[in-house]
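Student:
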Amino acid sequence: MIRFPSVSRRFSRQWVARGLANVAGNLPNSRLPVTSNLKFFNSVQGDGLIPAFRVLDGSGTLIDGAELPEIDEKLAHRMYENMQLLPTLDSILYNVQRQGKISFYMTSYGEEATVIGSAAALESDDE
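Under the working numbering, the first residue of the sequence shown carries the number 512, and numbering increases by one thereafter.
#1: Quick one, are the C-beta atoms of E623 and M594 less than 7 Å apart?
#2: Just how far apart, CA to CA, sit L549 and I574?
#3: Output the distance between the C-alpha atoms of L597 and I603, rounded to the nearest integer angstrom.
#4: Hey, how far is the Cα of G621 from the Cα of S614?
#5: DSSP state of T546, grouped into three classes?
#6: Taking C-alpha atoms, which residue in I582, E578, S541, T599 lies nearest to P562?
#7: Give the straight-line distance between the Cα atoms of F552 and T625, rounded to the nearest whole angstrom.
#8: Can you have a look at G576 and say buried or exposed, based on whether 16 or more other CB atoms are within 10 angstroms of its CB?
#9: Sort S554, L560, Q556, L600 by Cα distance to V545 and report the nearest one.
#10: Using the Cα positions of E584 and G611, report the straight-line distance between them to the nearest angstrom.
#11: In the structure shown, what three-state DSSP assignment does A631 receive?
#12: Helix, strand or coil for L597, going by three-state DSSP, please let me know.
#13: Return helix, strand or coil for A624, following the three-state DSSP convention.
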């Protein structure tokens, strides 16, 4: 099994001690529930809280009931490298946009995993 770089256990314990998270799995500074089961639901007729989907906790440990996706080490390494590269690319393209050389650019600071993970799920024959 591949372990991705994660928040240290000491750091996550500090979150719990300061009241920013709890052991049950709420996100820091949030009362939203956390779920490890990905499913569709009716948000209009529900209780109003949309749960956050998580597979790993703050220390990088698999959450109870979660299934880790099958990712080979080569793909995981490539995804991590791209997540490290994205802020640099964002900075360059944002500056180019501010100079008027391109019409529009939206940065993804703090959302690197969303962008890279979504792109990694694409197959070569997807359109």
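Even glycine gets a Cβ: it sits at the ideal position worked out from N, Cα and C.
For clarity, every value in this text was computed on a predicted model and none was experimentally measured.
Tutor: Considering the structure as presented:
#1: yes
#2: 13 Å
#3: 10 Å
#4: Rounded to whole angstroms, the separation of the alpha carbons of S614 and G621 is 23 Å.
#5: Annotated three-state conformation of T546 is strand, per DSSP.
#6: S541
#7: 21 Å
#8: exposed
#9: Here the closest residue by C-alpha is L560.
#10: The straight-line gap from Cα to Cα measures roughly 40 Å.
#11: helix
#12: helix
#13: helix
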